[in-house]
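Using full-length UniProt numbering, the letters of the sequence shown map in sequence onto residues 1 to 202.
Here's the structure, in structure tokens; my notes come after.
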Amino acid sequence: MTKQFHDNTLSADALDQIFREARSYNGWLDKPVSEDQIQAIYELLKMGPTSANMQPGRFVWCVSQESRDKLAECASEGNQEKIKTAPVVVVIGYDIDFHEELPWLFPHTDAKSWFEGDEDGRIEGAKRNSALQGAYLIIAARAQGLDCGPMSGVDLDKVTEAFFADNPRHKADWVCAIGYGDETTIFGRSPRPDFEKFNRIA
């Protein structure tokens with residue numbers, strides 16, 4: 001029997017929402033993001049691939065005004081108001097000792113042994129794969145009709161101290177505001193390169 005292939009491409013509207021028309025927002029409408037929405041974002045992002053399913057991302061969802069103000073104190077001046085006024089700001093961090101969880105996250109083999117005794121290698125893998133998970137977070141939020149404002153303009157040591165003090169093996173890497181974006185706060189879209197500029201097919 002011949003296998004039937006189907007075009008499962010998302011609709012043009014869906015692709016616009018997630019990629020082509022999506023923007024990074026600097027300001028937010030006064031509209032809350034619910035805990036159900038937050039959990040729904042995580043339920044999607046966790047399904048994205050990471051090396052050996054290591055899942056090194058550690059996320060702190062700053063919802064209360066107190067937590068957002070504390071995070072804003074760790075940010076550059078230009079990012080402070082964005083953080084204070086967003087409904088949710090997520091601290092995307094990583095766990096240096098993610099390998100301790102691999103016996104249940106990747107039970108097919110002894111993956112934990114691959115990373116034992118190699119902290120530098122674990123840090124490299126944790127940074128790369130948690131950054132991937134942060135990208136999945138943005139896609140998941142946009143897929144649910146929310147907008148994002150990713151930021152790296154924060155003092156990571158201060159963010160780590162403020163939000164991961166209870167586990168010194170967790171380190172902050174960047175933050176992302178989530179909410180309903182105020183279109184008056186965005187700039188004109190910056191150029192995007194054509195395929196030929198930075199790609200080649202070998």
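For glycine and all other residues, C-beta sits at the position ideal for the given N, C-alpha and C.
Bear in mind the structure is a predicted one, so any value in this text is a computation, not a measurement.
Apart from the 5 residues on each side of it in sequence, residue 99 sits with its Cβ closer than 8 Å to the Cβ of 54, 111, 112, 114, 115, 116 and 122 in its chain, given in chain order.
Scanning its chain for C-beta atoms nearer than 7 Å, with the 5 sequence neighbours on each side dropped, one finds around residue 129 the residues 50, 51, 54 and 56, in chain order. Ranked by Cα distance from residue 97, the options 120, 87 and 146 are led by 120. Under a 10 Å Cβ-count criterion, residue 9 is classified as exposed, with fewer than 16 other Cβ atoms of the shown protein chains found around its own Cβ.
In the three-state DSSP reduction, residue 159 falls in the helix class (H, G or I). Assignment of residue 153 by DSSP, reduced to helix, strand and coil, places it in the coil class. Our two residues, residue 28 and residue 173, have alpha carbons roughly 23 Å apart in a direct line. Relative to residue 148, the option among 42, 46, 78 and 88 whose CA is nearest is 88. Bounds of the alpha helix (DSSP H) holding residue 138 are 119–143. Fully contained in the region 33–105 are the following beta strand (DSSP E) runs of length 3 or more, in chain order: 57–62 and 88–95. Counting along the chain, no beta strand (DSSP E) covers residue 7, and no H or E run does either. Distance from the Cα of residue 180 is smallest, within the candidate group 85, 80 and 40, for 85. Relative to residue 169, the option among 58, 25 and 32 whose CA is nearest is 58. Annotation: the continuous alpha helix (DSSP H) that includes residue 114 extends over 112–115.
Setting aside the 5 residues that flank it on each side, residue 44 is surrounded in the same chain by 140, each with a C-beta closer than 6 Å to its C-beta; the list follows chain order. With the rule of 3 Cβ pairs closer than 8 Å, the region 156–171 does not count as touching the region 186–199. The DSSP-derived three-state label of residue 31 is coil.
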